[in-house]
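This note's numbering numbers the first residue of the sequence shown as 15 and each following residue consecutively. Beta carbons are placed, not taken as given, at the ideal position from N, Cα and C, and that holds for glycine.
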Amino acid sequence: MKEENMMKTITLPDGTELATIGQGTWYMGENESRRHDEIQALRTGLDQELQVIDTAEMYGDGRSERLVQEAIANRREKVFLVSKVLPSNAAFDDVLAACNRSLERLGTDYLDLYLLHWRGAVPLSETVAAFEQLKEEGKIKRWGVSNFDTDDMEELWNVENGKNCAVNQVLYNLTARGIEYDLIPWQKEKGIPIMAYCPLAQGDRKEILHNDTVRELAKAYEVSVSQIALAWTIQSGHVLSIPKAGQAAHVVENAEAANLVLNKEDLAKLDKEFPPPTSKVPLEVV
Ligand SMILES: NC(=O)c1ccc[n+]([C@@H]2O[C@H](COP(=O)([O-])OP(=O)(O)OC[C@H]3O[C@@H](n4cnc5c(N)ncnc54)[C@H](OP(=O)(O)O)[C@@H]3O)[C@@H](O)[C@H]2O)c1
Numbered sequence: 015m016k017e018e019n020m021m022k023t024i025t026l027p028d029g030t031e032l033a034t035i036g037q038g039t040w041y042m043g044e045n046e047s048r049r050h051d052e053i054q055a056l057r058t059g060l061d062q063e064l065q066v067i068d069t070a071e072m073y074g075d076g077r078s079e080r081l082v083q084e085a086i087a088n089r090r091e092k093v094f095l096v097s098k099v100l101p102s103n104a105a106f107d108d109v110l111a112a113c114n115r116s117l118e119r120l121g122t123d124y125l126d127l128y129l130l131h132w133r134g135a136v137p138l139s140e141t142v143a144a145f146e147q148l149k150e151e152g153k154i155k156r157w158g159v160s161n162f163d164t165d166d167m168e169e170l171w172n173v174e175n176g177k178n179c180a181v182n183q184v185l186y187n188l189t190a191r192g193i194e195y196d197l198i199p200w201q202k203e204k205g206i207p208i209m210a211y212c213p214l215a216q217g218d219r220k221e222i223l224h225n226d227t228v229r230e231l232a233k234a235y236e237v238s239v240s241q242i243a244l245a246w247t248i249q250s251g252h253v254l255s256i257p258k259a260g261q262a263a264h265v266v267e268n269a270e271a272a273n274l275v276l277n278k279e280d281l282a283k284l285d286k287e288f289p290p291p292t293s294k295v296p297l298e299v300v
């Protein structure tokens, strides 16, 4: 493969390299009439070397995981498979049981990454202990968290084995830049990448799609507005984005965005339209 055709990557704390664009699956598997297209979309992503597929026990109450099973059949080794445990299942024995259920629905005997979907009432030390146990049993390769703000990450860091956290998955897009103030710098210092969810602001945020500057840049780079928005999320080199695309054509576009480099002047134009934070902004969530 020629150097210029190689997909940009980020590196996990254990040295694993991953393409900076992956695939989300929220709402996939919930509508029978879209099932075929969604499976094709995920397979197209794997053909495009998008390794990460992100799902969760919550999505469609397990239906998203079942759809992923079908999409990755016979291609398990090409996938970096991520699932999430709900905070209501974050107690020690419940994590072990939830993981077994996810593995069964996904038709695999291991997850590449298992995330706590968001913080609940269970002490972090208990959930981390369960994650470590799953690692020892070979059921997960590594674990991480989601929707953790900087103070949550600080707390996690002081829990036994908390420093084994591989990733924090949070909301990040042009209209939600609060994490640039403190969370991205904190994680950068600790070497823990950000996994950006809703990188396209769920596809319907008019502030991005109808923004004149974004549209002008799309024209200048001969790409779509979504590709500008997506490419922007990974410019720092510390973020892996997981757009959800139920249509194969969208997946191909998203994969192309991994190699789109926005120059300094154009990044500054985007800063003007979508200003970076100048003080602490509480973590946004959906
Ligand atoms: N950890 C958490 O709490 C959390 C929360 C939210 C999301 N997530 C994860 O992050 C993933 C992504 O977030 P999201 O699904 O909420 O929103 P998103 O990825 O920002 O947006 C998805 C929407 O964008 C559209 N789209 C995708 N590629 C496109 C393209 N190239 N051109 C035009 N439209 C395009 C999709 O349409 P089509 O489907 O029609 O292609 C879909 O309607 C989720 O699926 C999930 O895996 C995690």
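Comparing alpha-carbon positions, which option in the options lies nearest residue i?
i           : options            : result
residue 160 : 199, 144, 99       : 99
residue 270 : 61, 172, 88        : 61
residue 23  : 172, 103, 65       : 65
residue 279 : 287, 272, 273      : 287
residue 33  : 86, 149, 248, 71   : 248
residue 82  : 26, 121, 194, 46   : 121
residue 63  : 49, 94, 70, 87     : 94
residue 243 : 254, 191, 214, 233 : 214
residue 297 : 57, 179, 185       : 185
residue 104 : 129, 117, 193      : 129
residue 148 : 46, 205, 114, 234  : 114
residue 131 : 190, 75, 71        : 71
residue 250 : 169, 151, 194      : 194
State buried or exposed for residue i, treating a residue as buried only when at least 16 other CB atoms are found within 10 Å of its CB.
i           : result
residue 264 : buried
residue 97  : buried
residue 134 : exposed
residue 77  : buried
residue 43  : buried
residue 153 : buried
residue 228 : buried
residue 109 : buried
residue 18  : Its pLDDT being 49, under 50, residue 18 is placed unreliably by the model, and the measurement read from it follows with that caveat. Exposed.
Where does residue i sit, in a helix, a strand or coil, going by DSSP?
i           : result
residue 66  : strand
residue 178 : helix
residue 73  : helix
residue 249 : coil
residue 167 : helix
residue 276 : coil
residue 294 : coil
residue 102 : helix
residue 94  : strand
residue 173 : coil
residue 200 : helix
residue 299 : coil
residue 226 : helix
Near residue i, which residues of its chain fall below 6 Å by C-beta distance, leaving aside the five closest residues on each side in sequence?
i           : result
residue 162 : 182
residue 216 : none
residue 40  : 73, 258
residue 155 : 126
residue 157 : 128, 145
Can you list, in chain order, the residues of its chain with a C-beta nearer than 7 Å to that of residue i? Leave out the 5 residues immediately preceding and following it.
i           : result
residue 54  : 262
residue 143 : 106
residue 38  : 68, 211, 256, 257, 258
residue 246 : 188, 276, 284
residue 175 : 142, 146
residue 139 : 173, 174
residue 223 : 239
residue 16  : For residue 16, the predicted model reports a pLDDT of 40, less than 50, meaning its position is unreliable; a value from the coordinates is still stated below. Excluding residues within five positions, none has a Cβ falling inside 7 Å.
residue 295 : 192, 195
residue 300 : 185, 212
With DSSP as the reference, identify every bridge partner of residue i, one or two as the case may be.
i           : result
residue 157 : 128
residue 33  : 23
residue 187 : 190
residue 255 : 35, 210
Beta-carbon within less than 8 Å of residue i's beta-carbon, same chain only, minus the 5 sequence neighbours each way: which residues are those?
i           : result
residue 201 : 167, 182, 207, 208, 252
residue 51  : 260, 261, 262
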